[in-house]
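First to last, the protein sequences are chains A and B.
Under this note's numbering, the first residue of the first sequence is numbered 497, with each subsequent residue one higher.
Under this note's numbering, the first residue of the second sequence is numbered 175, with each subsequent residue one higher.
Presented below is the structure to which this report refers.
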Amino acid sequence: AEDTGVRVELAEEDHGRKSTIALRLWVEDPKKLKGKPKDNGAIEFTFDLERETPDDVAQEMIESGFFHESDVKIVAKSIRDRVALIQWRRERIRPALQ
Amino acid sequence: SSLTQVVHSAGRRFIVSPVPESRLRES
């Protein structure tokens, strides 16, 4: 995935059984953002793979004051890339779960 | 505690914790 300066990782082990996953997001390279992020904290949140979109979560982070509104796309992309990787991995392990 | 919790009006909960130094990229 493209290096957006915003890192998103699983906050818990993914067994591929729940639609909701816990993710953790933090800024690795503030220079890649247009605005100044709130601080150097890691933001943990849950994401429903079936019902939510990365754009929704990114918008809520902007509204909660974590990022400047000009960075909504870069935050959404960072989440989208990680979610895509999780879904790709789930597709691969699905036969083993059945 | 060093954890901060922010709840968005839509109901989503964000829990903020310090990032370990080892996870931050050196610039």
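C-beta: ideal position from N, C-alpha, C; glycine also.
What residue range does the beta strand (DSSP E) around P192 of chain B cover?
The continuous beta strand (DSSP E) containing P192 of chain B extends over residues R187 to P192.
Buried versus exposed, by CB contacts within 10 Å (16 or more), L581 of chain A
It counts as exposed.
In angstroms with no decimal places, state the Cα-to-Cα distance between K532 of chain A and G561 of chain A.
Using only the alpha carbons, I get a separation of about 10 Å.
Quick one: Cα of D567 of chain A to Cα of A554 of chain A, how far?
Here the alpha carbons of A554 of chain A and D567 of chain A stand approximately 9 Å from one another.
Collapsed DSSP secondary structure at D567 of chain A in the structure displayed
Helix at D567 of chain A.
Which of helix, strand or coil does DSSP assign to A572 of chain A?
When secondary structure is reduced to three states using DSSP, A572 of chain A falls in the helix class.
Under 7 Å Cβ to Cβ from P550 of chain A, same chain only, skipping five residues before and after it: list those, please.
Correct list, in chain order: A572, I575, R576 and V579.
Listing by chain order, which chain B residues have their CB less than 9 Å from the CB of F563 of chain A?
Below the 9 Å Cβ cutoff, chain B contributes no neighbours of F563 of chain A, its closest Cβ being approximately 11 Å away.
Pairs of beta-carbons, one from the segment 177-185 of chain B and one from the segment 521-532 of chain A, closer than 8 Å: are there three or more?
Fewer than three pairs of CB atoms, one per stretch, sit closer than 8 Å, so the segment 177-185 of chain B makes no contact with the segment 521-532 of chain A.
With DSSP run on the structure shown, which of helix, strand or coil describes R590 of chain A?
Helix, per DSSP.
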